[in-house]
Amino acid sequence: MIRRLRSASGPYLAVLPGGLWLAIFFVLPLFVMVSLSVQTGNLITGFQQTFHFANYSNMLSQYHEQLLRSLWYGVIATVLCVLLAYPMAYWIAFFGGRNKSTYLFLVLLPFFVTFVLRTVAWQFLLGDQGLVLDWLKRAGIVSQDFHVLATATAVIAGLVYNYLPFMLLPIYVALERIDPSLLEAAGDLYATRRQTFLRIVFPLTIPGIFAGVLLTFVPVVSDYVNASILGGTGQTMIGNIIQTLYLTNSDYPNASALSIVLMGILMIGIFVYARALGTRDLLDAAAG
Amino acid sequence: MTSEPTPSPLRLGRRDLLRYAGMGAGLATLAACGVSGEGKKAATGSTLEQQIKAFWAGKKQTGQVNWAQWPLYIDVGKNMGDHPSIDQFTAATGIKVNYSEPIQDDDTFFAKVQPTLSAGQYSGYDIAVITNGIDFDKFTELDLFVPLDHSYLINYEKYAGSIYKHSAYDPGNVYSVPWQSGITGIAYNTKKVPKPLTSFFDLWNPALKGKVGMFADNEDLPTPVLVAMFGDPQKTGPTQWRQAAAKLTQQRKAGIVRKYYQQDYIGALSTGDIWACQAWSGDIFQALESGAKDLVFVIPSEGAVLWTDNMVLLKNIKNPVSAMKLIDWYYQPKIAAEVAEYVNYITPVPAAQAVVKADAQKATGSNRGTLSSIANSPLVFPTPADYSKLYRYRTLTNTELTTWNEIFEPIYQS
Chain A
62 MIRRLRSASG PYLAVLPGGL WLAIFFVLPL FVMVSLSVQT GNLITGFQQT FHFANYSNML
122 SQYHEQLLRS LWYGVIATVL CVLLAYPMAY WIAFFGGRNK STYLFLVLLP FFVTFVLRTV
182 AWQFLLGDQG LVLDWLKRAG IVSQDFHVLA TATAVIAGLV YNYLPFMLLP IYVALERIDP
242 SLLEAAGDLY ATRRQTFLRI VFPLTIPGIF AGVLLTFVPV VSDYVNASIL GGTGQTMIGN
302 IIQTLYLTNS DYPNASALSI VLMGILMIGI FVYARALGTR DLLDAAAG
Chain B
3 MTSEPTPSPL RLGRRDLLRY AGMGAGLATL AACGVSGEGK KAATGSTLEQ QIKAFWAGKK
63 QTGQVNWAQW PLYIDVGKNM GDHPSIDQFT AATGIKVNYS EPIQDDDTFF AKVQPTLSAG
123 QYSGYDIAVI TNGIDFDKFT ELDLFVPLDH SYLINYEKYA GSIYKHSAYD PGNVYSVPWQ
183 SGITGIAYNT KKVPKPLTSF FDLWNPALKG KVGMFADNED LPTPVLVAMF GDPQKTGPTQ
243 WRQAAAKLTQ QRKAGIVRKY YQQDYIGALS TGDIWACQAW SGDIFQALES GAKDLVFVIP
303 SEGAVLWTDN MVLLKNIKNP VSAMKLIDWY YQPKIAAEVA EYVNYITPVP AAQAVVKADA
363 QKATGSNRGT LSSIANSPLV FPTPADYSKL YRYRTLTNTE LTTWNEIFEP IYQS
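Sequence lines, in order, name chains A and B. For the first sequence, the residue numbers in the numbering used here are 62 to 349. For the second sequence, the residue numbers in the numbering used here are 3 to 416.
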């Protein structure tokens with residue numbers, strides 16, 4: 062009897078520390094944020110709960126441009142991440158040999174340097190007279206007033222660079238788990254390498270890609286560091302706006318409303334994406 | 003597949019119960035957690051005097067003081083962590099100074115300490131350095147500064163320049179005395195621009211397309227435009243603000259502005275990413291001293307903005323008397339000169355100029371040139387003629403601030 066009880070309560074006890082942590086540091090602030098988002102007032106006179114839902118429509122009409130831009134940058138950066146990370150992960154998993162862990166370590170190496178510092182380093186590399194462009198300009202390959210910084214290209218490139226490992230690692234794990242005998246069997250059955258890849262390897266790595274997309278797309282859309290360091294006049298992202306509303310304006314209600322809008326859009330997007338890919342079954346298959 | 007009994011739609015499952023309980027609690031929280039108003043009318047006149055007396059009565063010197071400062075804003079000795087002026091203070095008074103540099107900008111620092119101070123707790127800092135302007139006003143409106151006991155400010159009374167004793171943002175210096183001041187003007191690379199910039203509107207020159215940097219700041223972007231268009235910003239209202247915003251938007255739409263910068267404009271200017279920009283006086287002076295070439299800082303012909311970073315005591319203070327002694331320490335001409343020689347911003351102690359000049363006489367080699375250029379620089383020791391062209395930020399009430407932000411923020415947040 063006691064044993065049964067213990068085994069029944071075991072999983073709940075295991076989830077307790079993490080659950081409490083999330084309850085206190087995620088759920089509670091979330092409620093406060095939802096509450097704040099429909100209040101009015103300012104820091105000096107205080108914020109009153111007036112269920113002022115117009116905060117939402119005001120924010121949407123004022124900042125829809127930056128919101129759409131962030132989603133657009135997120136999509137492009139995520140797709141580029143997949144295209145770059147997949148071949149890399151493939152090579153490490155199948156051709157890395159004994160040095161696999163060294164290669165993975167190399168991928169993670171930039172993470173030992175602060176996020177902001179890494180991005181600032183790009184400023185020096187890509188400056189108008191920086192290491193890359195100076196050489197190209199002297200060689201006459203690009204025109205004198207050509208520049209990379211302060212363009213959407215620079216922001217997206219920075220996003221891809223900073224979030225690439227988040228895409229690479231899950232894909233690598235999925236590739237690594239593929240049983241080599243499956244590939245041998247495919248070969249025995251006269252499948253070409255192309256067929257083997259398209260019909261065996263790739264489908265088996267979809268859960269990895271799915272996880273990678275989640276880990277990349279969500280933080281990329283809400284990123285504000287790349288836009289403020291590498292961007293110019295037309296590259297402000299929604300994260301920058303929320304930061305200004307919160308820190309500069311102390312406008313907590315509108316900052317909260319905008320955060321909730323962003324969260325809602327991301328959650329709906331991911332839900333649709335998961336449905337479209339039918340990844341639930343795949344995840345179940347991978348787990349089983 | 004395991005067969006599970008389908009829950010009847012009317013029976014509440016355990017999961018549902020939890021969900022409903024959560025929603026109930028959520029709704030209760032939603033309705034309840036308004037943030038109560040914290041603004042207090044600051045006392046004035048004799049009430050204020052009594053409050054100050056009551057606060058300072060019986061306060062004693064302590065063995066230490068905690069100081070929050072901006073990065074690279076004080077003299078540095080042989081090692082990066084040495085600050086001779088602080089060491090001399092400790093030697094003279096026995097008070098240990100915990101000097102730290104957590105302030106990157108005023109609004110982030112305000113957002114960081116405000117909840118702690120409003121909750122009646124010690125922020126970890128006795129002294130902070132806050133720029134006059136929107137955030138300074140927020141601090142005072144929320145009553146988060148401790149009024150100073152002027153009986154400790156002996157050197158200040160004697161040596162502070164008269165302009166630094168009569169400010170509009172803190173009349174009578176009840177809560178603050180200046181640390182250093184600076185000018186928001188324009189800077190350019192002499193080798194790159196087609197002709198020297200003299201007017202603020204030279205930053206609108208189409209020849210500089212894509213090579214101009216402006217500030218991403220809701221005070222330093224709009225105020226200089228207001229000065230250039232209308233003179234004293236204090237005399238402007240929403241109509242003038244909209245005209246200034248239109249002027250700035252026109253500059254952005256013409257593709258002249260490359261980017262709205264924060265502190266990083268100086269890097270972009272020295273690497274050639276931009277050729278001309280809005281700039282802070284001390285930054286350009288420091289860049290020139292550390293080897294940058296061809297850079298010039300100018301006060302536009304229409305005038306410029308003078309801002310002041312102020313030493314203040316944060317509420318719920320632990321070491322008030324030691325803090326007052328430290329503040330007054332920096333008003334000795336010799337100490338003020340030590341700081342001025344290193345940071346190259348405007349010192350509130352005019353008498354420091356003579357000290358820097360004397361130091362230049364004594365110095366040898368390249369130090370001599372550096373020191374005498376500091377002593378003679380109008381950016382460190384402005385002349386009365388320079389001061390007459392300098393204006394303060396517009397002081398804004400809370401309602402005005404909302405309008406102001408709505409007008410100006412969309413320009414640099416596009």
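C-beta: ideal position from N, C-alpha, C; glycine also.
Checklist line | Test: B:Ala113 CB closer than 8 angstroms to a CB of chain A | finding: Cβ-Cβ to chain A under 8 angstroms: yes for B:Ala113.
Margin query: Using CA atoms only, rank isn't needed, just tell me which of B:Asn378, B:Tyr389, B:Ala325 and B:Ala353 is closest to B:Gly65.
Written below: Proximity to B:Gly65 across B:Asn378, B:Tyr389, B:Ala325 and B:Ala353 peaks at B:Ala325, based on C-alpha coordinates.
Next item on the list: Put B:Ala23 into one of helix, strand or coil per three-state DSSP.
Entry: Summary for B:Ala23: the model assigns pLDDT 47, below 50, so the residue's position carries little reliability; its value from the coordinates is reported in the next sentence. Under the three-state reduction of DSSP output, B:Ala23 falls in the helix class.
Notebook entry, point to check: Could you check where the beta strand (DSSP E) with B:Gln52 kicks off and where it finishes?
Noted result: First-last for B:Gln52: Gly47 to Trp58, but that is the alpha helix (DSSP H), not the beta strand (DSSP E).
Item checked: Residues in the region 201 to 215 of chain A having any Cβ partner in chain B nearer than 8 angstroms -> So the close ones are Asp206, His208, Leu210 and Ala211.
Item checked: Within the region 233 to 310 of chain B, ranges of the beta strand (DSSP E) (whole runs, at least 3 residues) -> Taking only runs of at least 3 residues, the beta strand (DSSP E) segments lying wholly in the region 233 to 310 of chain B are 259 to 263, 278 to 282 and 297 to 300.
Next item on the list: Measure the Cβ-Cβ separation of B:Val148 and B:Ile376 and say whether it is below 8 angstroms.
Entry: No, they are not a contact pair.
Check: Count the other CB atoms within 10 Å of the CB of B:Gly26; is the residue buried (16 or more) or exposed (fewer)?
Finding: Low local confidence applies: a pLDDT of 46 at B:Gly26 is under 50, so the model's placement there is unreliable, with the coordinate-based value given in what follows. Exposed is the call here.
Notebook entry, point to check: Taking any Cβ of chain A, which residues in the region 383 to 408 of chain B have a Cβ under 7 angstroms from it, in chain order?
Noted result: The region 383 to 408 of chain B vs chain A, Cβ under 7 angstroms: Asn400 and Asn407.
Next item on the list: Give the range of the beta strand (DSSP E) segment to which B:Thr399 is assigned.
Entry: Per DSSP, B:Thr399 lies in no beta strand (DSSP E) segment and is marked neither H nor E.
Next item on the list: Round the Cβ separation of A:Gly135 and A:Phe278 to the nearest angstrom and send it over; I've been treating them as touching at under 8 angstroms.
Entry: Yes, they are in contact, since the Cβ atoms of A:Gly135 and A:Phe278 sit about 5 angstroms apart, within 8 angstroms.
Next item on the list: Measure the Cβ-Cβ separation of B:Val78 and B:Tyr344 and say whether it is below 8 angstroms.
Entry: Cβ distance < 8 angstroms, so B:Val78 and B:Tyr344 count as in contact.
Notebook entry, point to check: What's the gap between the Cα of B:Glu340 and the Cα of B:Ser183?
Noted result: If I take the Cα positions, the gap works out to 16 angstroms.
Checklist line | Run of the alpha helix (DSSP H) containing B:Val341, from where it starts to where it stops | finding: Unbroken alpha helix (DSSP H) run through B:Val341: Pro335 to Val345.
Next item on the list: Return yes when the Cβ of A:Met228 is within less than 8 angstroms of the Cβ of A:Gly157, no when it is not.
Entry: When the beta-carbon positions are compared, A:Gly157 and A:Met228 stay at least 8 angstroms from each other.
Note to self: What would DSSP say about B:Pro180, mapped onto helix, strand or coil?
What the structure shows: B:Pro180: strand per DSSP, three-state reduction.
Notebook entry, point to check: Since B:Val358 contacts B:Leu381 with CB under 8 angstroms, what's their CB separation in whole angstroms?
Noted result: So it is not a contact: roughly 13 angstroms between Cβ atoms.
Check: Using a C-beta to C-beta distance shorter than 9 angstroms, which residues of chain A count as neighbours of B:Gly367?
Finding: Taking a Cβ-Cβ threshold of 9 angstroms, none of the residues of chain A is close to B:Gly367; the smallest such distance is about 32 angstroms.
Margin query: Is there a Cβ of chain A sitting closer than 8 angstroms to that of B:Thr273, yes or no?
Written below: Interface residue, yes.
Item checked: B:Gln242 versus B:Gln63, B:Thr405, B:Glu103 and B:Ala56, residue with shortest Cα-Cα distance -> Scanning B:Gln63, B:Thr405, B:Glu103 and B:Ala56 for the CA closest to the CA of B:Gln242 turns up B:Thr405.
Next item on the list: Just the chain B side, please: which residues come within less than 8 angstroms of A:Asp189 by C-beta, in chain order?
Entry: Neighbours of A:Asp189 on chain B, chain order: Thr273, Gly274 and Asp275.
Check: What does A:Asn310 reach in chain B if we use C-beta pairs closer than 9 angstroms?
Finding: Neighbours of A:Asn310 in chain B, taken as residues at a C-beta separation under 9 angstroms, are given in chain order as Asp109, Asn220, Leu403, Thr404, Asn407 and Glu411.
Note to self: Using a Cβ-Cβ distance cut-off of 8 angstroms, determine whether A:Leu104 contacts chain B.
What the structure shows: Using a CB distance cut-off of 8 angstroms, A:Leu104 counts as an interface residue toward chain B.
Margin query: Could you check whether the region 170 to 178 of chain A touches the region 316 to 334 of chain A, counting it as contact only if at least three pairs of C-beta atoms, one from each stretch, sit closer than 8 angstroms?
Written below: Not touching, per the Cβ criterion.
Next item on the list: Count the other C-beta atoms from every protein chain shown that fall within 10 angstroms of the C-beta of B:Tyr389, then say buried if there are 16 or more, exposed otherwise.
Entry: With fewer than 16 other Cβ atoms within 10 Å, it is exposed.
Notebook entry, point to check: Would B:Ile133 pass as a contact of B:Trp331 if the rule is Cβ separation under 8 angstroms?
Noted result: A small fix is needed here, since residue 133 of chain B is Thr in this sequence, not Ile. The answer is no: Cβ separation not under 8 angstroms.
Next item on the list: Identify every residue that forms a DSSP beta bridge with B:Val314.
Entry: In DSSP, B:Val314 forms a bridge with B:Ala130 and B:Ser178.
Check: When the distance is taken between beta carbons, is B:Val259 closer than 8 angstroms to B:Val214?
Finding: Yes, the pair counts as a contact, with Cβ atoms nearer than the cut-off.
Note to self: Helix, strand or coil, according to DSSP, for A:Tyr334 in the structure here?
What the structure shows: Secondary structure of A:Tyr334 (DSSP, three-state): helix.
Checklist line | Residues of the region 285 to 307 of chain A whose Cβ lies closer than 8 angstroms to any Cβ of chain B, in chain order | finding: Answer in chain order: Ser289, Ile290, Gly292, Gly293, Thr294, Gly295, Thr297, Asn301, Ile302, Thr305 and Tyr307.
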